[in-house]
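Report on the structure given below.
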Amino acid sequence: LFSGRVEFLLSAPQLKFLPDPSVPEIAFCGRSNVGKSSLLNAVTGRRAIARASVTPGRTQELNIFEVGQPTQFRLVDMPGYGFAKAPVKVVEKWKQLMKTYLRGRPVLNRTLVLVDSRHGLKDADREMMRMLDESAVGFRVVLTKTDKVKVSDLDRTAERVAEEIRRHPAAYPEMHLTSAEKGMGIAELRAAIMVDAGL
Ligand code: GDP
């Protein structure tokens, strides 16, 4: 399916700009620079369907991509979070957009929470996971850039993250280990997304 039509549809700064909720949606979120654009490109097999972030913390829109002809599901690229220098107003606007989207979008089947393998979970991720719990939106944790850490460090980080996500009712217990650069874990993640999209 991903080898067929994958197309950018629109950027929505507010909920009212979203397309009709006619097909399932799978959202990608994570801290700025986590490797979200790279992962979206790897999963869709496109070199640059998602543009690598211009200025971290500035993009405050939901970027919507369509998969399939006719469209079978949509991928939603959420604005990156946790950018230390973001002005309070920008952070507030982000929270509002996230909360209204998570609570008001019944076609949102799953969210992928991307976490940098080098850093593990940060408070911004914890806040995101709490929002997902509260909105009852099931999520998968995806470790990114696994090629950048030693196997022993990756094991330790994965264990710590696994332990923590057990406390989140909306979290999938298993997480995904990926490297967009080396292609590791991408096929598995793609398969999981198709299942989440009901295919
Ligand atoms: P975004 O801001 O979350 O969209 O992150 P990007 O996809 O733009 O990636 C941020 C930086 O991390 C870029 O320099 C990427 O080349 C790098 N990066 C992303 N994924 C990987 C990966 O799997 N391995 C390595 N080594 N670098 C990666």
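If you're matching positions, the sequence shown starts at 28 in UniProt numbering and goes up one per residue. All residues carry an ideal CB built from backbone N, CA and C; glycine is no exception. Quantities reported herein were computed from a predicted structural model and do not represent experimental measurements.
- If you draw a straight line from the Cα of R183 to the Cα of E190, it comes to about 11 Å.
- Using a 10 angstroms sphere on the CB of R137, the tally of other CB atoms reaches 16 or more, which defines it as buried.
- Here Y108 is near A151, since their CB atoms are less than 8 Å apart.
- Between G95 and L28, the CB-CB gap stays under 8 Å.
- As the crow flies, the alpha-carbon of P196 is around 30 Å from that of F44.
- Here the alpha carbon of F92 sits roughly 5 Å from the alpha carbon of L36.
- The criterion of a C-beta distance shorter than 8 Å is not satisfied by S206 and L181.
- In this structure the segment 169-178 touches the segment 206-215; the number of beta carbon pairs closer than 8 Å is three or more.
- Of the residues P46, V61, Y128 and T98, the one whose Cα lies closest to the Cα of M221 is T98.
- The continuous beta strand (DSSP E) containing E93 extends over residues L89 to V94.
- Cβ-Cβ separation between K120 and Q87: approximately 6 Å, consistent with a contact (criterion under 8 Å).
- Burial check for E52: the Cβ neighbour count within 10 Å reaches 16 or more, so the residue is buried.
- CA-CA distance, A77 to G131, rounds to 24 Å.
- CA-to-CA, the gap between E186 and L67 works out to about 25 Å.
- The alpha-carbon of A224 is positioned some 34 Å away from that of K116.
- Inter-residue distance for R193 and D160 is about 12 Å (C-alpha atoms, whole angstroms).
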